[in-house]
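Written below as C-alpha coordinates is the structure these notes are about.
In my numbering, the protein residues as written are 1373 to 1550.
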(Lines of atoms letter the chains of each structure in order from A and count residues from 1; the text may use other names and numbers.)
(Lines give C-alpha, C1' and ligand atoms only; values in the text may rest on other atoms or scores of the structure.)
Protein backbone atom coordinates (compact mmCIF):
# COMPACT_ATOMS: atom_id res chain seq x y z
CA UNK A 1 0.00 0.00 0.00
CA UNK A 2 1.23 3.47 -0.87
CA UNK A 3 1.20 6.03 1.92
CA UNK A 4 2.05 9.69 2.05
CA UNK A 5 2.85 12.49 4.45
CA UNK A 6 2.69 16.23 3.95
CA UNK A 7 5.13 18.52 5.69
CA UNK A 8 5.79 22.22 5.87
CA UNK A 9 9.02 23.68 4.52
CA UNK A 10 10.35 27.21 4.39
CA UNK A 11 8.82 27.61 0.91
CA UNK A 12 5.52 25.77 1.34
CA UNK A 13 3.86 22.38 1.87
CA UNK A 14 5.64 19.40 0.30
CA UNK A 15 4.91 15.71 0.39
CA UNK A 16 6.49 12.29 0.15
CA UNK A 17 4.81 9.07 -0.94
CA UNK A 18 6.31 5.70 -0.07
CA UNK A 19 5.76 1.99 -0.32
CA UNK A 20 7.56 -1.12 0.88
CA UNK A 21 10.61 -0.58 -1.37
CA UNK A 22 11.15 3.14 -0.77
CA UNK A 23 9.85 6.48 -1.97
CA UNK A 24 7.50 6.37 -4.95
CA UNK A 25 7.00 10.11 -5.29
CA UNK A 26 7.88 13.58 -4.08
CA UNK A 27 5.60 16.58 -4.35
CA UNK A 28 7.29 19.96 -4.56
CA UNK A 29 6.10 22.64 -2.15
CA UNK A 30 2.74 24.34 -2.62
CA UNK A 31 1.42 27.36 -0.74
CA UNK A 32 -1.30 25.28 0.91
CA UNK A 33 -1.31 21.75 2.30
CA UNK A 34 -4.67 20.99 0.69
CA UNK A 35 -3.29 21.70 -2.80
CA UNK A 36 -0.44 19.24 -2.21
CA UNK A 37 -2.88 16.66 -0.80
CA UNK A 38 -5.20 16.91 -3.83
CA UNK A 39 -2.25 16.58 -6.18
CA UNK A 40 -1.11 13.37 -4.47
CA UNK A 41 -4.63 11.96 -4.64
CA UNK A 42 -4.75 12.65 -8.40
CA UNK A 43 -1.37 11.00 -8.91
CA UNK A 44 -1.99 8.05 -6.56
CA UNK A 45 -5.77 7.50 -6.24
CA UNK A 46 -5.40 4.71 -3.64
CA UNK A 47 -2.88 6.58 -1.48
CA UNK A 48 -3.42 6.82 2.29
CA UNK A 49 -2.12 9.60 4.54
CA UNK A 50 -0.05 8.17 7.39
CA UNK A 51 2.67 9.10 9.88
CA UNK A 52 6.04 8.58 8.19
CA UNK A 53 8.29 5.72 9.29
CA UNK A 54 11.73 6.66 10.61
CA UNK A 55 13.53 6.55 7.24
CA UNK A 56 10.89 8.73 5.58
CA UNK A 57 10.91 11.12 8.56
CA UNK A 58 14.68 11.49 8.07
CA UNK A 59 14.13 12.30 4.38
CA UNK A 60 11.49 14.87 5.33
CA UNK A 61 13.89 16.57 7.73
CA UNK A 62 16.68 16.59 5.13
CA UNK A 63 14.35 18.20 2.57
CA UNK A 64 13.30 20.83 5.13
CA UNK A 65 16.96 21.61 5.83
CA UNK A 66 17.85 21.78 2.13
CA UNK A 67 14.90 24.06 1.30
CA UNK A 68 15.97 26.34 4.14
CA UNK A 69 19.28 26.82 2.32
CA UNK A 70 21.44 24.52 4.42
CA UNK A 71 23.41 21.49 3.17
CA UNK A 72 21.61 18.16 3.40
CA UNK A 73 22.48 14.74 2.02
CA UNK A 74 19.60 12.91 0.34
CA UNK A 75 21.72 10.28 -1.42
CA UNK A 76 20.82 7.59 1.13
CA UNK A 77 17.06 7.97 0.69
CA UNK A 78 15.67 4.69 -0.68
CA UNK A 79 13.74 4.97 -3.94
CA UNK A 80 11.34 2.38 -5.32
CA UNK A 81 12.81 1.98 -8.81
CA UNK A 82 10.62 -1.01 -9.71
CA UNK A 83 8.68 0.94 -12.37
CA UNK A 84 11.61 3.02 -13.57
CA UNK A 85 13.19 2.26 -16.96
CA UNK A 86 16.86 1.28 -16.66
CA UNK A 87 18.10 4.32 -18.62
CA UNK A 88 16.13 6.67 -16.35
CA UNK A 89 17.51 4.94 -13.26
CA UNK A 90 21.07 5.50 -14.54
CA UNK A 91 20.33 9.19 -15.21
CA UNK A 92 18.80 9.57 -11.72
CA UNK A 93 21.85 7.94 -10.12
CA UNK A 94 24.14 10.49 -11.78
CA UNK A 95 21.85 13.39 -10.84
CA UNK A 96 21.79 12.24 -7.21
CA UNK A 97 25.59 12.52 -7.11
CA UNK A 98 25.52 16.26 -7.96
CA UNK A 99 26.10 18.14 -4.69
CA UNK A 100 23.91 21.09 -3.68
CA UNK A 101 25.21 24.32 -5.17
CA UNK A 102 26.68 22.56 -8.20
CA UNK A 103 25.27 21.76 -11.63
CA UNK A 104 25.99 19.53 -14.60
CA UNK A 105 24.71 20.04 -18.13
CA UNK A 106 22.51 17.51 -19.92
CA UNK A 107 25.55 16.81 -22.12
CA UNK A 108 27.81 16.19 -19.12
CA UNK A 109 25.31 13.69 -17.71
CA UNK A 110 25.15 12.06 -21.15
CA UNK A 111 28.96 11.84 -21.22
CA UNK A 112 28.90 10.09 -17.84
CA UNK A 113 26.49 7.61 -19.44
CA UNK A 114 29.04 7.05 -22.20
CA UNK A 115 27.47 8.99 -25.11
CA UNK A 116 27.20 12.78 -25.33
CA UNK A 117 24.54 12.34 -28.03
CA UNK A 118 22.14 11.16 -25.30
CA UNK A 119 21.72 14.71 -23.94
CA UNK A 120 18.10 15.00 -25.16
CA UNK A 121 17.29 11.58 -23.72
CA UNK A 122 18.76 12.73 -20.40
CA UNK A 123 16.43 15.74 -20.48
CA UNK A 124 13.43 13.53 -21.22
CA UNK A 125 14.30 11.17 -18.37
CA UNK A 126 14.67 14.07 -15.94
CA UNK A 127 11.33 15.46 -17.15
CA UNK A 128 9.71 12.26 -15.87
CA UNK A 129 11.52 12.27 -12.52
CA UNK A 130 8.98 11.31 -9.82
CA UNK A 131 11.37 12.32 -7.00
CA UNK A 132 12.30 16.00 -7.49
CA UNK A 133 14.68 17.32 -4.83
CA UNK A 134 15.66 13.75 -3.81
CA UNK A 135 16.73 13.20 -7.42
CA UNK A 136 17.86 16.80 -7.96
CA UNK A 137 16.92 17.24 -11.61
CA UNK A 138 17.01 21.00 -11.03
CA UNK A 139 20.82 20.69 -10.84
CA UNK A 140 21.00 19.62 -14.50
CA UNK A 141 21.09 22.56 -16.89
CA UNK A 142 21.41 23.24 -20.60
CA UNK A 143 24.71 24.02 -22.29
CA UNK A 144 26.09 27.54 -22.32
CA UNK A 145 24.89 28.44 -18.84
CA UNK A 146 21.20 28.25 -19.81
CA UNK A 147 18.75 26.70 -17.38
CA UNK A 148 16.98 24.34 -19.78
CA UNK A 149 13.52 23.02 -19.00
CA UNK A 150 11.79 21.96 -15.81
CA UNK A 151 8.58 19.95 -15.84
CA UNK A 152 7.36 20.74 -12.31
CA UNK A 153 4.66 23.31 -11.63
CA UNK A 154 6.21 26.73 -12.05
CA UNK A 155 8.58 25.45 -14.74
CA UNK A 156 11.94 27.15 -15.04
CA UNK A 157 11.02 29.63 -12.27
CA UNK A 158 10.79 26.70 -9.83
CA UNK A 159 14.13 25.35 -11.07
CA UNK A 160 15.68 28.79 -10.66
CA UNK A 161 14.28 29.10 -7.13
CA UNK A 162 15.68 25.71 -6.08
CA UNK A 163 19.08 26.56 -7.53
CA UNK A 164 19.06 29.94 -5.78
CA UNK A 165 18.23 28.32 -2.42
CA UNK A 166 21.25 26.05 -2.91
CA UNK A 167 23.54 28.90 -4.01
CA UNK A 168 24.25 27.17 -7.33
CA UNK A 169 27.10 28.23 -9.56
CA UNK A 170 27.17 27.68 -13.32
CA UNK A 171 30.26 25.84 -14.49
CA UNK A 172 32.95 28.32 -15.56
CA UNK A 173 30.46 31.19 -15.51
CA UNK A 174 30.29 32.19 -11.86
CA UNK A 175 27.01 32.90 -10.13
CA UNK A 176 23.95 31.76 -12.13
CA UNK A 177 22.07 34.78 -10.90
CA UNK A 178 24.62 37.57 -11.36
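Each residue gets a CB set at the ideal place from its N, CA and C atoms; glycine is no exception.
Among the candidates the options, whose CA atom is the shortest distance from the CA of residue i?
i: residue 1434; options: 1387, 1404 and 1391; result: 1387
i: residue 1421; options: 1398, 1448 and 1375; result: 1375
i: residue 1446; options: 1534, 1468, 1519 and 1459; result: 1468
i: residue 1531; options: 1485, 1472, 1479 and 1481; result: 1472
i: residue 1391; options: 1407, 1432 and 1454; result: 1454
Could you give the DSSP three-state label for residue i: helix, strand or coil?
i: residue 1387; result: strand
i: residue 1511; result: helix
i: residue 1448; result: coil
i: residue 1462; result: helix
i: residue 1506; result: coil
i: residue 1438; result: helix
For residue i, report the span of its beta strand (DSSP E) as first-last.
i: residue 1403; result: Element bounds for residue 1403: n/a, residue is neither H nor E.
i: residue 1375; result: 1375-1381
By Cβ distance, which residues of its chain are closer than 7 Å to residue i, with the 5 residues on each side in sequence left out?
i: residue 1394; result: 1450, 1451 and 1452
Quick check: what's the CA-CA separation for residue i versus residue j?
i: residue 1381; j: residue 1493; result: 32 Å
i: residue 1397; j: residue 1414; result: 12 Å
i: residue 1409; j: residue 1401; result: 11 Å
i: residue 1536; j: residue 1482; result: 24 Å
If you follow the alpha helix (DSSP H) that residue i is in, where does it begin and where does it stop?
i: residue 1530; result: 1527-1538
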